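Novice: I am attaching a structure below and will ask some questions about it afterwards.
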Amino acid sequence: MFTFNRSIQFGASLVHTTKPTFRSNLAWLSLCISLLFSAQSGFAASAEKGRENFMKNGCWQCHGTWGQGGAAGLRLAPNPKPLAYISAFIRNSNGPMPPYTTKVLSEEDLGDIYAYLQSIPASPDPKNIPLLNDLK
Amino acid sequence: MKNDPKQDPTSTPNTVPTFARRQFLGNVVATSAAGVVAATSGVNAAAAESTQDAKKPSALPPSLRGIANESGEVPDMGRVGGVAGSDFMVDVIKTLDIKYTPTNCASSFRAIHESLIDYGQNTAPEYISCMHEESGVAMAHGYFKIAGKPLMTICHGTVGLMHATMGIYNAWCDRVPVIIVGGNDTDSAYRPPMVPTYHAAQDINAIVRDYTKWDDAPVSLQHFANSFVRAYKVAMTPPYGPVAISLDLGLQQEPVHKKGGVLPTIPRYIPSSPPQGDSGAVREAARLLVQAQNPLIIADRCARTPKGIELLIQLAELLQVQVVDQGSRMNFPRTHYLSTSAQAVGKADVILGLELSDFWGTVNNYTDNGEYEGVGTQSSKLQPQAKLISINAADLITKANYQDFQKFQVIDVQMPADAEATLPALIEAVKQALTPDKKDLIAKRGELAKKAFAADFAKTQAAAAVAWNASPISTARLVMETFNAIKHLDWSLVASEGNVSNWPNRLWPMEKAHHWIGRSGGFGVGYGAPASVGAALANRDLGRFSVSIQSDGDLMYAPGVLWTAAHHKIPLLSVMHNNRGWHQELMHVQRMADFRNRRVNLGQDMGPIGTSIQNPDIQYHELAKSMGWWAKGPITRPEDLGPALKEAVEVVKSGHPALLNVWTQPR
Numbered sequence: 456m457f458t459f460n461r462s463i464q465f466g467a468s469l470v471h472t473t474k475p476t477f478r479s480n481l482a483w484l485s486l487c488i489s490l491l492f493s494a495q496s497g498f499a500a501s502a503e504k505g506r507e508n509f510m511k512n513g514c515w516q517c518h519g520t521w522g523q524g525g526a527a528g529l530r531l532a533p534n535p536k537p538l539a540y541i542s543a544f545i546r547n548s549n550g551p552m553p554p555y556t557t558k559v560l561s562e563e564d565l566g567d568i569y570a571y572l573q574s575i576p577a578s579p580d581p582k583n584i585p586l587l588n589d590l591k
Numbered sequence: 234m235k236n237d238p239k240q241d242p243t244s245t246p247n248t249v250p251t252f253a254r255r256q257f258l259g260n261v262v263a264t265s266a267a268g269v270v271a272a273t274s275g276v277n278a279a280a281a282e283s284t285q286d287a288k289k290p291s292a293l294p295p296s297l298r299g300i301a302n303e304s305g306e307v308p309d310m311g312r313v314g315g316v317a318g319s320d321f322m323v324d325v326i327k328t329l330d331i332k333y334t335p336t337n338c339a340s341s342f343r344a345i346h347e348s349l350i351d352y353g354q355n356t357a358p359e360y361i362s363c364m365h366e367e368s369g370v371a372m373a374h375g376y377f378k379i380a381g382k383p384l385m386t387i388c389h390g391t392v393g394l395m396h397a398t399m400g401i402y403n404a405w406c407d408r409v410p411v412i413i414v415g416g417n418d419t420d421s422a423y424r425p426p427m428v429p430t431y432h433a434a435q436d437i438n439a440i441v442r443d444y445t446k447w448d449d450a451p452v453s454l455q456h457f458a459n460s461f462v463r464a465y466k467v468a469m470t471p472p473y474g475p476v477a478i479s480l481d482l483g484l485q486q487e488p489v490h491k492k493g494g495v496l497p498t499i500p501r502y503i504p505s506s507p508p509q510g511d512s513g514a515v516r517e518a519a520r521l522l523v524q525a526q527n528p529l530i531i532a533d534r535c536a537r538t539p540k541g542i543e544l545l546i547q548l549a550e551l552l553q554v555q556v557v558d559q560g561s562r563m564n565f566p567r568t569h570y571l572s573t574s575a576q577a578v579g580k581a582d583v584i585l586g587l588e589l590s591d592f593w594g595t596v597n598n599y600t601d602n603g604e605y606e607g608v609g610t611q612s613s614k615l616q617p618q619a620k621l622i623s624i625n626a627a628d629l630i631t632k633a634n635y636q637d638f639q640k641f642q643v644i645d646v647q648m649p650a651d652a653e654a655t656l657p658a659l660i661e662a663v664k665q666a667l668t669p670d671k672k673d674l675i676a677k678r679g680e681l682a683k684k685a686f687a688a689d690f691a692k693t694q695a696a697a698a699v700a701w702n703a704s705p706i707s708t709a710r711l712v713m714e715t716f717n718a719i720k721h722l723d724w725s726l727v728a729s730e731g732n733v734s735n736w737p738n739r740l741w742p743m744e745k746a747h748h749w750i751g752r753s754g755g756f757g758v759g760y761g762a763p764a765s766v767g768a769a770l771a772n773r774d775l776g777r778f779s780v781s782i783q784s785d786g787d788l789m790y791a792p793g794v795l796w797t798a799a800h801h802k803i804p805l806l807s808v809m810h811n812n813r814g815w816h817q818e819l820m821h822v823q824r825m826a827d828f829r830n831r832r833v834n835l836g837q838d839m840g841p842i843g844t845s846i847q848n849p850d851i852q853y854h855e856l857a858k859s860m861g862w863w864a865k866g867p868i869t870r871p872e873d874l875g876p877a878l879k880e881a882v883e884v885v886k887s888g889h890p891a892l893l894n895v896w897t898q899p900r
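In the order they appear, the protein sequences are chains F and B. Note that my numbering has the first sequence beginning at 456, numbered continuously upward. Note that my numbering has the second sequence beginning at 234, numbered continuously upward.
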């Protein structure tokens with residue numbers, strides 16, 4: 456369990472949340488439709504811009520600069536979940552993750568962030584990292 | 234008149250020299266003042282001499298310097314007469330074998346300061362020079378968690394104690410004994426004006442009474458002796474906690490008096506036994522645990538001593554019950570197959586909580602999602618019929634103002650008692666309640682736990698491998714490079730501040746009590762640096778290697794403790810988790826902006842304005858070097874960390890402190 460100074464506890468909930476919490480199934484359905492539409496709208500996503508947006512919009516604060524996750528946020532990369540899933544989560548989160556509306560994070564910026572997450576290289580196999588195995 | 238020996242009921246003119254302490258103080262002031270006048274006004278001094286000539290002896294007594302030049306010895310001038318009160322106080326303190334006193338010097342305890350270092354020969358306690366009272370308290374806090382013995386720290390009665398308060402609150406919340414002594418010049422009729430009067434109070438302990446177990450303000454030396462021994466005893470009776478003694482400056486400076494023809498005596502310290510759980514409640518707890526299909530043990534401050542770890546293993550293995558160690562102490566080996574994570578709470582039908590700091594938070598979810606007009610949602614993690622058992626000595630010292638008792642949780646069997654002291658009885662009760670038909674169920678639980686432990690550890694390793702080569706360096710890499718550099722030593726992780734995703738507790742093979750000493754208790758930032766130095770002091774005496782994960786924000790509250798470590802040659806490897814911000818607060822502000830549908834203002838930094846420690850970046854390695862540490866940095870590339878750690882470990886092994894300034898991922 457984690458608790459923090461001067462503040463409420465939320466790290467543990469974040470770590471253990473495995474599914475996004477949505478306000479309603481209807482919202483989920485409508486977002487899936489709109490995101491499928493926007494995903495086909497054709498803007499060219501940029502991983503470089505995506506990294507800037509990832510930093511500028513505070514994503515790195517909980518998820519780490521490589522989207523690796525940690526005590527305060529889920530792992531986002533490598534191999535991110537589908538864009539529609541991530542978008543629905545970001546726009547409608549009712550869990551520990553605060554929601555980001557299009558006013559704060561545009562569809563284009565989100566697309567760039569997704570491109571950045573996709574560009575993050577695969578992690579090394581933990582079996583090949585001696586420091587994670589030679590513990591005695 | 235207090236200064237008239239005939240009317241002073243405390244004076245015994247026929248047996249010891251009569252002495253009025255305020256008269257003595259007045260004489261000191263008058264003498265000093267006369268000295269100043271003489272030095273600054275030759276005319277006045279000459280005039281004064283001419284009027285006194287007739288009374289002078291033909292040969293003046295030699296000065297101290299003259300005597301020293303002739304004999305090589307400075308004689309006792311006997312200005313005080315008899316035995317100094319503060320010398321007696323040192324005698325009292327020495328009976329309790331208090332090894333150190335980490336203290337920041339101040340005039341209100343000048344007498345006991347002098348007695349400690351001269352009369353007491355600066356041993357037991359040895360004076361440890363601190364630059365901040367909060368550092369002194371936190372050093373004592375960290376020291377206790379390794380040594381199991383309390384230290385005494387002395388504060389200037391008002392302003393010094395104000396500095397100390399956050400550290401005292403942490404010790405209170407962490408149930409750690411610290412003896413706080415505050416100097417105070419109580420007698421307003423005779424104390425010097427201006428600064429000493431600003432720094433005096435009727436009741437200095439008032440500001441810490443809400444978060445100390447006991448306090449007193451002795452008015453005689455016998456009273457001091459009784460209260461100091463009592464304070465030690467109260468602090469050291471579980472639940473442990475800080476205590477405060479106000480120390481009148483006059484009492485320190487006056488000579489020892491007989492009262493009723495008797496000199497003050499020192500009472501013997503005999504430890505109290507810790508409170509054990511009621512026998513009926515213990516039997517009921519055992520019955521619930523034995524009958525449960527899926528019981529769970531959760532421990533937070535259960536193991537006060539290494540024996541507590543052994544007892545917890547014994548109970549867990551007896552029933553093959555998984556154990557969640559919340560980590561305020563090292564309660565249960567991380568390498569044991571029954572060790573599990575907090576996710577097990579939702580599956581349990583009986584939960585035994587041992588010295589939990591927050592039972593409600595253990596069995597409920599709180600989600601900071603802005604719902605319910607901004608306060609967030611709350612929900613239970615528990616199975617509907619789950620039964621809760623609590624053994625917690627902190628229930629015995631619940632106070633009203635500060636909310637360290639946490640949210641109220643309904644408990645089925647609640648024992649306000651010390652968990653470690655109750656475990657032997659609980660183990661026996663479980664043995665008696667066990668029936669042969671439970672054997673298969675218990676064995677099956679053990680087998681499932683072994684499989685779950687292996688699977689969980691593999692998942693943890695995989696999570697640690699993500700961003701392994703990132704720059705800034707991932708917290709998993711930071712922690713595992715550090716472990717790799719110390720694993721061949723008798724290591725002790727004495728602090729882990731700033732949240733490194735709990736990697737040490739997830740990956741390091743923590744098995745012994747000194748492998749991990751827990752957190753601050755009250756989560757008051759600024760604990761890590763001084764507490765790690767205090768714990769390292771205790772480990773130095775035991776021949777162990779101390780390492781801390783030191784966050785940037787924590788260090789900057791009172792970095793002067795670095796000088797203390799260097800000055801007193803306290804070996805400590807401090808590996809910085811420098812994420813260049815107050816990251817917890819950084820996320821809170823971001824969160825508020827998102828809830829309010831606003832873009833957060835970053836200014837020129839990476840985080841919201843007011844939450845970053847950037848522009849300029851602090852050169853912690855230079856700061857440490859300036860205070861006598863070996864230091865290196867900033868280390869930003871993961872491949873540079875291992876070699877730097879190797880160098881730093883050698884420095885620490887040679888008896889000196891070393892710091893690595895490492896730029897890290899946020900968490």
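The beta carbon of each residue, even a glycine, is placed where N, CA and C say it ideally should be. Bear in mind the structure is a predicted one, so any value in this text is a computation, not a measurement.
With DSSP as the reference, label Tyr360 (chain B) as helix, strand or coil.
Specialist: Start at 1 with the first residue of the second sequence, and residue 360 (chain B) comes out as number 127. It is a strand residue.
Novice: Counting C-beta neighbours from all protein chains within 10 Å, is the total for Asp481 (chain B) 16 or more, i.e. buried, or is it exposed?
Specialist: The residue labelled residue 481 (chain B) in the question sits at position 248 within the second sequence. Buried.
Novice: By Cβ distance below 6 Å, which residues in the same chain neighbour Cys406 (chain B) in space, the five residues on each side in sequence not counted?
Specialist: As a working note, residue 406 (chain B) is residue 173 in the second sequence. Within the same chain, Cys406 (chain B) has close Cβ partners Asp637, Gly754, Gly755.
Novice: Listed in chain order, which residues of the stretch 827-845 of chain B have Cβ atoms closer than 9 Å to some Cβ of chain F?
Specialist: Listed in sequence order: Asp827, Phe828, Asn830, Arg831, Arg832, Val833, Leu835, Met839, Gly840, Pro841.
Novice: Which of the three DSSP states is assigned to Thr708 (chain B) in this structure?
Specialist: Here residue 708 (chain B) refers to the residue found at position 475 when the second sequence is read from its first residue. Helix.
Novice: From the DSSP output, which residues share a beta bridge with Asn527 (chain B)?
Specialist: In the second sequence, the residue the question calls residue 527 (chain B) occupies position 294. None; Asn527 (chain B) has no bridge partner.
Novice: With distances taken Cα to Cα, identify the nearest neighbour of Gly415 (chain B) among B:Ile782, B:His396, B:Ser421, B:Pro426.
Specialist: Your numbering for residue 415 (chain B) matches position 182 in the second sequence. Measuring from the Cα of Gly415 (chain B), the nearest candidate turns out to be B:His396.
Novice: Kindly give me the distance between the Cβ atoms of Ile503 (chain B) and Ala464 (chain B), rounded to whole angstroms, as I take these residues to be in contact under 8 Å.
Specialist: For the purposes of this step, residue 503 (chain B) is taken as the residue at position 270 of the second sequence. For the purposes of this step, residue 464 (chain B) is taken as the residue at position 231 of the second sequence. In fact, because the Cβ distance is near 14 Å, the residues do not count as touching under 8 Å.
Novice: Three or more C-beta pairs under 8 Å: does that hold for the stretch 847-862 of chain B against the stretch 875-892 of chain B?
Specialist: The stretch 847-862 of chain B vs the stretch 875-892 of chain B: in contact.
Novice: Let me see if you follow: with CB-CB separation under 8 Å, is Ile584 (chain F) close to chain B or not?
Specialist: Taking the first residue of the first sequence as position 1, residue 584 (chain F) is located at position 129. Ile584 (chain F) counts as touching chain B.
Novice: Report the rounded CA-to-CA distance for Arg372 (chain B) versus Ile568 (chain F), giving the unit in angstroms.
Specialist: In the second sequence, residue 372 (chain B) corresponds to position 139, counting from 1. In the first sequence, residue 568 (chain F) corresponds to position 113, counting from 1. Looking at the sequence provided, one finds Met at residue 372 (chain B) rather than Arg. So the two alpha carbons sit approximately 45 Å from each other.
Novice: Taking the beta strand (DSSP E) that Tyr599 (chain B) falls in, what are its first and last residues?
Specialist: Here residue 599 (chain B) refers to the residue found at position 366 when the second sequence is read from its first residue. From DSSP, the beta strand (DSSP E) with Tyr599 (chain B) extends over 597-600.
Novice: Judging by CA-CA distance, which residue of B:Glu730, B:Leu394, B:Gly731, B:Leu726 is the nearest neighbour of Pro742 (chain B)?
Specialist: For this step, residue 742 (chain B) is matched to residue 509 along the second sequence. Closest option to Pro742 (chain B), Cα to Cα, is B:Leu726.
Novice: Enumerate in chain order the residues of its own chain whose CB-to-CB distance from Gly757 (chain B) is below 7 Å, with the five nearest sequence positions on each side excluded.
Specialist: Here residue 757 (chain B) refers to the residue found at position 524 when the second sequence is read from its first residue. Only Met399, Tyr402, Asn403 meet the Cβ criterion.
Novice: Would you grab the beta carbon distance between Gln639 (chain B) and Asp591 (chain B) for me? Rounded to a whole angstrom, and I think it's under 8 Å.
Specialist: Working through the second sequence from its first residue, we reach residue 639 (chain B) at position 406. Working through the second sequence from its first residue, we reach residue 591 (chain B) at position 358. Sure, about 4 Å apart at Cβ, within 8 Å.
Novice: Determine which residues of the stretch 596-620 of chain B have a Cβ less than 9 Å from any Cβ of chain F, and write them out in chain order.
Specialist: Under the 9 Å Cβ criterion, the stretch 596-620 of chain B contributes Asn598, Tyr599, Thr600, Asp601, Asn602, Gly603, Glu604, Gly609, Thr610.
Novice: Could you check how far apart the C-beta atoms of Cys388 (chain B) and Glu366 (chain B) are, in whole angstroms? I think they sit under 8 Å.
Specialist: Counting from 1 along the second sequence, the entry for residue 388 (chain B) is found at position 155. Counting from 1 along the second sequence, the entry for residue 366 (chain B) is found at position 133. Right, the Cβ-Cβ distance comes to about 5 Å (below 8 Å), so this counts as a contact.
Novice: Could you tell me the distance, in whole angstroms, from the CA atom of Ala468 (chain B) to the CA atom of Asp564 (chain F)?
Specialist: On the second sequence, residue 468 (chain B) is found 235 positions in, with the first residue counted as 1. On the first sequence, residue 564 (chain F) is found 109 positions in, with the first residue counted as 1. Computed Cα separation, rounded: 58 Å.
Novice: Verify the CB distance criterion: does Arg530 (chain F) have a CB-CB separation below 8 Å to chain B?
Specialist: The sequence position of residue 530 (chain F) within the first sequence is 75, counting from 1. For Arg530 (chain F), the answer is yes, since a Cβ of chain B falls inside 8 Å of its Cβ.
Novice: Quick test of the definition: if touching needs 3 or more C-beta pairs under 8 Å, does the stretch 835-846 of chain B touch the stretch 799-810 of chain B?
Specialist: The stretch 835-846 of chain B is not in contact with the stretch 799-810 of chain B.
Novice: Taking the C-alpha atoms as reference points, what is the distance between Tyr352 (chain B) and Asn417 (chain B)?
Specialist: Here residue 352 (chain B) corresponds to residue number 119 of the second sequence, with the count starting at 1. Here residue 417 (chain B) corresponds to residue number 184 of the second sequence, with the count starting at 1. Their backbone Cα atoms lie some 21 Å apart in a straight line.
Novice: According to DSSP, what are the bridge partners of Leu819 (chain B)?
Specialist: Taking the second sequence and counting its residues from 1, one reaches residue 819 (chain B) at position 586. BP columns for Leu819 (chain B) are empty, so no partner.
Novice: Compute the Euclidean distance between the alpha carbons of Ile499 (chain B) and Val885 (chain B), then round it to the nearest angstrom.
Specialist: Here residue 499 (chain B) refers to the residue found at position 266 of the second sequence. Here residue 885 (chain B) refers to the residue found at position 652 of the second sequence. Taking the straight line joining both Cα atoms gives about 41 Å.
Novice: At which residues does the alpha helix (DSSP H) containing Cys535 (chain B) begin and terminate?
Specialist: Translated into the one-based positions of the second sequence, residue 535 (chain B) becomes position 302. Cys535 (chain B) -> no alpha helix (DSSP H), and no H or E assigned at all.
Novice: Does DSSP put Thr693 (chain B) in a helix, in a strand, or in coil?
Specialist: Position 460 of the second sequence, counted from the start, is the residue given in the question as residue 693 (chain B). It is helical.
Novice: Buried or exposed, going by whether 16 or more other CB atoms sit within 10 Å of the CB of Asn355 (chain B)?
Specialist: Taking the second sequence and counting its residues from 1, the one referred to as residue 355 (chain B) is at position 122. When all chains shown are included, Asn355 (chain B) counts as exposed.
Novice: Using a Cβ-Cβ distance cut-off of 8 Å, determine whether Leu590 (chain F) contacts chain B.
Specialist: To locate residue 590 (chain F), count along the first sequence from 1; it is residue 135. Leu590 (chain F) counts as touching chain B.
Novice: Which stretch, first to last residue, makes up the alpha helix (DSSP H) that contains Asp448 (chain B)?
Specialist: Counting from 1 along the second sequence, the entry for residue 448 (chain B) is found at position 215. Segment 447-449 is the beta strand (DSSP E) holding Asp448 (chain B); no alpha helix (DSSP H) there.
Novice: Does any CB atom of chain F fall closer than 8 Å to the CB of Trp593 (chain B)?
Specialist: Mapped onto the second sequence, residue 593 (chain B) falls at position 360. For Trp593 (chain B), the answer is no, since every Cβ of chain F falls outside 8 Å of its Cβ.
Novice: Would you mind sorting Arg501 (chain B) into buried or exposed? The rule is 16 or more other CB atoms within 10 Å of its CB.
Specialist: Reading the second sequence from its first residue, position 268 is the one you call residue 501 (chain B). Label assigned to Arg501 (chain B): exposed.
Novice: Which residues in the same chain as Ser505 (chain B) place their Cβ atom closer than 7 Å to its Cβ, once the five residues preceding and following it in sequence are excluded?
Specialist: One-based indexing of the second sequence puts residue 505 (chain B) at position 272. Lys466, Thr470, listed in sequence order.
Novice: To be precise: take each residue of the stretch 551-573 of chain F, compare its Cβ to all Cβ atoms of chain B, and keep it if any distance is under 8 Å. Which residues remain?
Specialist: Cβ contacts with chain B come from Pro551, Pro553, Pro554, Tyr555, Thr556, Lys558, Val559.
Novice: Listed from N- to C-terminal order along the chain, which residues in the stretch 801-826 of chain B have their beta-carbon within a distance smaller than 8 Å of any beta-carbon of chain F?
Specialist: The stretch 801-826 of chain B vs chain F, Cβ under 8 Å: His816, Gln817, Glu818, Leu819, Met820, His821, Gln823, Arg824, Ala826.
Novice: What residues of chain F sit near Arg739 (chain B), judged by a beta carbon separation below 8 Å?
Specialist: Taking the second sequence and counting its residues from 1, the one referred to as residue 739 (chain B) is at position 506. Here the premise fails: no neighbours, minimum Cβ distance about 10 Å.
Novice: Taking only three categories from DSSP, how would you classify Pro472 (chain B)?
Specialist: Along the second sequence, read from residue 1 onward, the residue named residue 472 (chain B) stands at position 239. Three-state result, Pro472 (chain B): coil.
Novice: Strictly below 9 Å CB to CB, what residues from chain B border Ser542 (chain F)?
Specialist: By 1-based counting over the first sequence, the position of residue 542 (chain F) is 87. Result: empty, since nearest Cβ-Cβ is about 15 Å, beyond 9 Å.
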